[in-house]
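Take 7 as the starting number for the sequence shown in my numbering and just add one per residue.
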Amino acid sequence: MKRTFSRQAVKLLLLILAIVLSGCVVDKEAINVVSREAGSGTRDAFVEEVHVVDDQGDDMTTVEADVQNSTNGVMQYVAGNPRGIGYISFGSLNDTVKPIAIDGVPITEETIKSGDYSVARSFNIVWKHDGLSDLANDFVGFIYSPEGKEIIEGLNYISIGKERQPDLPPTSRTTPKGQLTIVGSTSVTPVMEKLAERYEQNNPGVKINITSNGSSAGVSAATEGTADIGMVSRALNDEEQEQLLAVPIALDGIAIVIHPSNPHANLTFNEVSDIFKGKITHWDQLPTR
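Structure representation (structure tokens):
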């Protein structure tokens, strides 16, 4: 009886040890998904373009995803995680992360402009239907000027042709003075900061205050009148369009990014969709291309 008990005890201890050790094993092939936060224009555009939505249009991003509230947050997560995958604005790309090709098409200015790269969206600015102040009107006119387009293209974004530019009232001939408040998308912010910086240099009497806190915040601020202009990196919904006018200032691709050491360089559109829906959970489920 004593011997039998000892054997059972040993078996039990071995079982417990196996369970404990299995919990300590790191799954080296697990995919670590990182997403932007709810309300992010980049997230809204991404899930729509990559079909990470259900039949009702609801976001189906895996609940296992790590959530970051800025472009920089996503980049830092992926740069520090060899198994990570996320999405960011093309204009924000740097060598800390690696963009992957989709269906064999790399993300470049040329493939975005041609439409060959399938995941792209407009950078929009929004304001109330009753119009802009004289100063805001002059600044928007500057965005579409040759000088403004040069700044946009210098940041690896694609400027907007005349056919998509808004019809603005004539600007005042007086020297612009005063303050502007611009609020919204963290993806649009870098290009808006450069545009504002140049406009302030050209017009020393102007101060432009920019708050980078997400597209939904930009929509709210423009609607409530606490911002002269909102920055939005997605399309407005029907309710928002009743309150605001949206116009594009640039075309941007959404880059799918992984760690530079990751051997994968190309995924299919459906593979990307399934990764972010949590249907594909391990890198070894994917062929290395």
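Even for Gly, the Cβ is constructed at its ideal location relative to N, Cα and C.
Residue(s) in a DSSP beta bridge with residue i
{"i": "methionine 237", "result": "Ile131 and Gly190"}
{"i": "histidine 288", "result": "Ala36"}
{"i": "glycine 97", "result": "In the DSSP output, where bridge partners are listed per residue, glycine 97 has none listed."}
{"i": "proline 105", "result": "Val263"}
{"i": "threonine 217", "result": "Val189"}
{"i": "proline 254", "result": "Asn130"}
{"i": "glycine 154", "result": "Answer by DSSP bridge pairing: none, since glycine 154 is not bridged."}
{"i": "isoleucine 91", "result": "Val39 and Ile264"}
Which listed residue (the options) has its alpha carbon closest to that of residue i
{"i": "asparagine 272", "options": "Gly47, Thr294, Ile286 and Arg42", "result": "Thr294"}
{"i": "serine 124", "options": "Val278, Val146 and Ile286", "result": "Val278"}
{"i": "proline 172", "options": "Gly160, Leu186 and Asp144", "result": "Asp144"}
{"i": "glutamate 116", "options": "Leu251, Lys213, Ile164 and Ser76", "result": "Ile164"}
{"i": "glycine 184", "options": "Ala142, Ile260 and His57", "result": "Ala142"}
{"i": "serine 151", "options": "Ala256, Ile216, Ser128 and Asp61", "result": "Ala256"}
{"i": "lysine 119", "options": "Asp290, Asn276, Gly167 and Ala44", "result": "Gly167"}
{"i": "phenylalanine 275", "options": "Lys134, Thr180, Ser76 and Gly110", "result": "Gly110"}
Whole-angstrom C-beta distance between residue j and residue i, which should lie under 8 angstroms
{"i": "valine 225", "j": "glycine 236", "result": "6 angstroms"}
{"i": "isoleucine 113", "j": "phenylalanine 96", "result": "6 angstroms"}
{"i": "aspartate 140", "j": "isoleucine 188", "result": "The Cβ separation is near 16 angstroms, so there is no contact."}
{"i": "leucine 174", "j": "glycine 147", "result": "5 angstroms"}
{"i": "asparagine 38", "j": "glycine 90", "result": "5 angstroms"}
{"i": "alanine 36", "j": "threonine 287", "result": "6 angstroms"}
Coil, strand or helix - residue i by DSSP
{"i": "alanine 44", "result": "coil"}
{"i": "leucine 174", "result": "coil"}
{"i": "glutamine 281", "result": "The identity of residue 281 in the sequence shown is isoleucine, whereas the question assumes glutamine. DSSP places isoleucine 281 in helix when its eight states are reduced to three."}
{"i": "asparagine 276", "result": "helix"}
{"i": "valine 59", "result": "strand"}
{"i": "lysine 168", "result": "helix"}
{"i": "valine 31", "result": "Residue placement at valine 31 is poorly supported in this model, since its pLDDT is 42, which falls under 50; the coordinates still yield a value, given next. It is coil, neither helix nor strand."}
{"i": "glycine 184", "result": "strand"}
Whether residue i touches residue j by CB criterion (9 angstroms)
{"i": "valine 80", "j": "aspartate 65", "result": "no"}
{"i": "phenylalanine 282", "j": "serine 46", "result": "no"}
{"i": "serine 239", "j": "threonine 48", "result": "yes"}
{"i": "leucine 201", "j": "glycine 154", "result": "yes"}
{"i": "serine 221", "j": "glycine 190", "result": "yes"}
{"i": "threonine 192", "j": "serine 76", "result": "yes"}
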